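Residue 403, in this note's numbering, is where the sequence shown stops; the numbers in between run on with no holes. Structure record follows, encoded as structure tokens.
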Amino acid sequence: MSMPFIDLAAQQRRIRRQIDAAIAGVLDSGAYVMGPQVREFEAKLAAFGQARLALSCANGTDAIALPLMAWGIGPGDAVFCPSFTFAATPEVVPWVGATPVFVDVLADTFNLDPAKLEAAIADVKARGELAPKVVIAVDLFGQPADYPAIKAICDREGLKLISDSAQGFGCTLNGHHPLHWADVATTSFFPAKPLGCYGDGGAVLTNDQELWDLMDSFRVHGKAVAPDLVGRTFDHDTKYLNTRIGMNSRLDTIQAAILIEKLAIFQEEIDLRQVVANRYAEGLEGAVLATPRVIDGGVSVWAQYVIEHANRDGLAAHLKTQGIPTAVYYPVPMHIQAPYAGFPRGAGGLPVTEAKAETVLALPMHPYLDKVDQQRVIEAILAFNG
Ligand SMILES: Cc1ncc(COP(=O)(O)O)c(C=O)c1O
18 MSMPFIDLAA
28 QQRRIRRQID
38 AAIAGVLDSG
48 AYVMGPQVRE
58 FEAKLAAFGQ
68 ARLALSCANG
78 TDAIALPLMA
88 WGIGPGDAVF
98 CPSFTFAATP
108 EVVPWVGATP
118 VFVDVLADTF
128 NLDPAKLEAA
138 IADVKARGEL
148 APKVVIAVDL
158 FGQPADYPAI
168 KAICDREGLK
178 LISDSAQGFG
188 CTLNGHHPLH
198 WADVATTSFF
208 PAKPLGCYGD
218 GGAVLTNDQE
228 LWDLMDSFRV
238 HGKAVAPDLV
248 GRTFDHDTKY
258 LNTRIGMNSR
268 LDTIQAAILI
278 EKLAIFQEEI
288 DLRQVVANRY
298 AEGLEGAVLA
308 TPRVIDGGVS
318 VWAQYVIEHA
328 NRDGLAAHLK
338 TQGIPTAVYY
348 PVPMHIQAPY
358 AGFPRGAGGL
368 PVTEAKAETV
378 LALPMHPYLD
388 KVDQQRVIEA
398 ILAFNG
């Protein structure tokens, strides 16, 4: 008997009526692009994430690219980020012509190591080839990075801070969402994310209206936005006035309408995920190399529940025979992957990242994982250990 790794169908059964009505509303209105649900969702998302503003876009990758574009990050600039992450985090940096600098992570939380970040910045400055500009911290597997420490470094060094919260949207540290420290927080609505839609989607949260306006321009082909028009008159419709080179990265109205319904139950789902995480922690205590440790004061949204095991591949194979799916995030760190191998690495390399890639294993995790199924996972792991 197999079980799903992430049970999106259980959530859909719960809110199917609301989702059907939301989609039907968009079909009836005909406003498929930038319909009123997009602005409504942005306002609700901002409120949830303790932000003044949210800007939706086509996916969580563009969400990281948009602030880089708006800040004018480009050739000769260094952007510091972890290597133990999904490709999207470093991928957007060369898009704008800048250079990702890979930094190691902490052994217990898998998130950016502030001391290694400091060393990487010092190293880049000493070499004198790149100008440090931005740090991208990732809320890996759902828990917040060490924002107070990272923010202090960014302030001292004059660096912008992006919180790549594609996996962590909804997480908090000492009651604050990541935007409390970051210049922008970005997220993804890929279906498997804690807050996912039924296709691709993403968003950037910020408290900076000027930045929001610029990103709004970049997401729609560099269109002229209100600040571009101040004090100028035109003898043509400004709708087709393009004041910068942008891209097309809008969130579909249908996805916004779906997300409004999903956001309405999101906090409850975060709480349910915590119940599941607690049951794993209790059942697996001492049975594996490590169960997840969340930063002090942190609340994870548990995008993944990742354990460590000395015989990770053996355990995964055993669980598969029991109909229990698992996944490895991430078997090959980004700094080792061919297109990224030439980019700089922080002083001392990334030994923690490389070691973690050998031991991590993600177990089934979603808000609707019931006690019986979860006990089956726990018992199968205990049985493997003998
Ligand atoms: C850490 C991280 N950043 C960025 C992304 C990119 O999101 P998307 O797939 O919506 O482009 C993802 C997810 O896929 C992710 O896990």
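Idealized CB from N, CA, C, for every residue including glycine. Bear in mind the structure is a predicted one, so any value in this text is a computation, not a measurement.
In chain order, what are the residues with a CB under 6 Å from some non-hydrogen atom of ligand 1? After applying the 6 Å Cβ criterion, the set is N76, G77, T78, T102, F103, A105, T106, V155, D181, A183, Q184, S205, F207, D217, G219.
Assign P309 to one of three DSSP states: helix, strand, or coil. Within the sequence shown, numbered from 1, the residue matching residue 309 stands at position 292. In the three-state scheme derived from DSSP, where H, G and I count as helix and E and B as strand, P309 is classed as coil.
Taking 6 Å as the limit between beta carbons, can you name the residues of its chain near S266, skipping five residues before and five after? As a first step, residue 266 must be located in the sequence shown, where it is residue number 249. The answer, listed in chain order, is C74, A75, D79, R236.
Nearest residue (CA-CA) to M51, options L301, V305, T270: Numbered from its first residue, the sequence shown carries residue 51 at position 34. Nearest of L301, V305, T270 to M51, Cα basis: T270.
Within 10 angstroms of the Cβ of S205, are there 16 or more other Cβ atoms? Answer buried if so, exposed if not. Walking along the sequence shown from the start, residue 205 turns up at place 188. It counts as buried.
Report buried or exposed for D254, applying the criterion of at least 16 other Cβ atoms within 10 angstroms of its Cβ. As a working note, residue 254 is residue 237 in the sequence shown. Burial call: exposed.
Burial state of D45 (16 or more Cβ within 10 Å): Here residue 45 refers to the residue found at position 28 when the sequence shown is read from its first residue. Exposed: under 16 other Cβ atoms inside 10 Å.
Boundaries of the alpha helix (DSSP H) in which V394 is found, first to last residue: The sequence position of residue 394 within the sequence shown is 377, counting from 1. Membership of V394 in the alpha helix (DSSP H) is indicated by the continuous run 388-402.
Shortest alpha-carbon distance to K210 belongs to which of G77, A136, A132? Here residue 210 refers to the residue found at position 193 of the sequence shown. Minimum Cα distance to K210 is reached at G77.
Could you check the C-alpha separation between I138 and L301 for me, to the nearest Å? Looking up residue 138 in the sequence shown gives position 121. Looking up residue 301 in the sequence shown gives position 284. I138 and L301 have their alpha carbons spaced roughly 38 Å apart.
Just curious, the beta strand (DSSP E) that L70 is in, first and last residue? As a working mapping, residue 70 is identified with position 53 in the sequence shown. Unbroken beta strand (DSSP E) run through L70: 70-74.
Is the stretch 314-333 touching the stretch 355-368 in the sense that three or more CB pairs, one from each, lie closer than 8 Å? In short, these stretches do not touch, since the Cβ pair count stays below three.
Excluding sequence positions up to five away, which residues of its chain have a Cβ less than 8 Å from the Cβ of F306? Taking the sequence shown and counting its residues from 1, one reaches residue 306 at position 289. For the record, residue 306 in the displayed sequence is Leu; it is not Phe. The residues are I324, E325, H326, A327, T376.
Inter-residue spacing [alpha-carbon to alpha-carbon] between D135 and T338: Residue mapping note: residue 135 aligns to position 118 of the sequence shown, counting from 1. Residue mapping note: residue 338 aligns to position 321 of the sequence shown, counting from 1. Note on identity: in this sequence residue 135 is Glu, with Asp being the wrong assignment. Cα to Cα, E135 sits roughly 45 Å from T338.
If you check the beta carbons only, do P342 and F103 fall under 8 Å apart? Translated into the one-based positions of the sequence shown, residue 342 becomes position 325. Translated into the one-based positions of the sequence shown, residue 103 becomes position 86. Taking 8 Å as the Cβ cut-off, P342 and F103 do not qualify as a contacting pair.
Touch test, the stretch 310-319 against the stretch 187-204, Cβ-Cβ under 8 Å, three pairs minimum: Touching, yes, given that three or more Cβ pairs across the two stretches are closer than 8 Å.
Count the C-beta pairs between the stretch 169-177 and the stretch 277-297 that are closer than 8 Å, then say yes if the count reaches three, no if not. Fewer than three Cβ pairs drawn from the stretch 169-177 and the stretch 277-297 lie within less than 8 Å of each other, which leaves the two stretches out of contact.
Segments assigned alpha helix (DSSP H), at least 4 residues, entirely inside the stretch 309-390: Within the stretch 309-390, the complete alpha helix (DSSP H) runs of at least 4 residues are 329-338, 368-376.
Restricting to Cα atoms, I'd like to know which of S180, M86, A87, L386 is closest to N407. Absent from the structure is residue 407, since the part of the chain shown begins at 18 and ends at 403.
CB contact flag (Y347, A374, <8 Å): To locate residue 347, count along the sequence shown from 1; it is residue 330. To locate residue 374, count along the sequence shown from 1; it is residue 357. The Cβ atoms of Y347 and A374 lie closer than 8 Å to each other.
When you compare the stretch 189-203 with the stretch 162-171, are there three or more beta-carbon pairs, one atom per stretch, that lie closer than 8 Å? Cβ pair count under 8 Å is three or more, so yes.
Below 8 Å, how does it come out for the stretch 216-224 and the stretch 28-45: are there three or more Cβ pairs, yes or no? Touching, no, given that fewer than three Cβ pairs across the two stretches are closer than 8 Å.
For K240, which beta-bridge partners are listed by DSSP? For this step, residue 240 is matched to residue 223 along the sequence shown. Its beta-bridge partners are N259.
Specify, as a first and last residue, the run of the beta strand (DSSP E) that F97 falls within. Stepping through the sequence shown from its first residue, residue 97 is reached at position 80. Run containing F97: 94-99, per the beta strand (DSSP E) assignment.
Within the chosen definition, does the stretch 154-162 reach the stretch 86-102 through at least 3 CB pairs nearer than 8 Å? Here the stretch 154-162 lies against the stretch 86-102, with 3 or more beta-carbon pairs under 8 Å apart.
Identify whether T250 lies in helix, strand or coil by the three-state DSSP scheme. For the purposes of this step, residue 250 is taken as the residue at position 233 of the sequence shown. Three-state DSSP puts T250 in coil, outside helix and strand.
G216 to Q354 span [Cα, whole Å]: By one-based count along the sequence shown, residue 216 stands at place 199. By one-based count along the sequence shown, residue 354 stands at place 337. Rounded to whole angstroms, G216 to Q354 spans 27 Å at the Cα level.
Specify whether the stretch 81-100 and the stretch 112-123 touch according to this definition: at least 3 beta carbon pairs, one from each stretch, less than 8 Å apart. Yes: at least three Cβ pairs fall under 8 Å.
Alpha helix (DSSP H) runs contained entirely in the stretch 130-210, provided each spans 4 or more residues: Correct list: 131-144, 164-174.
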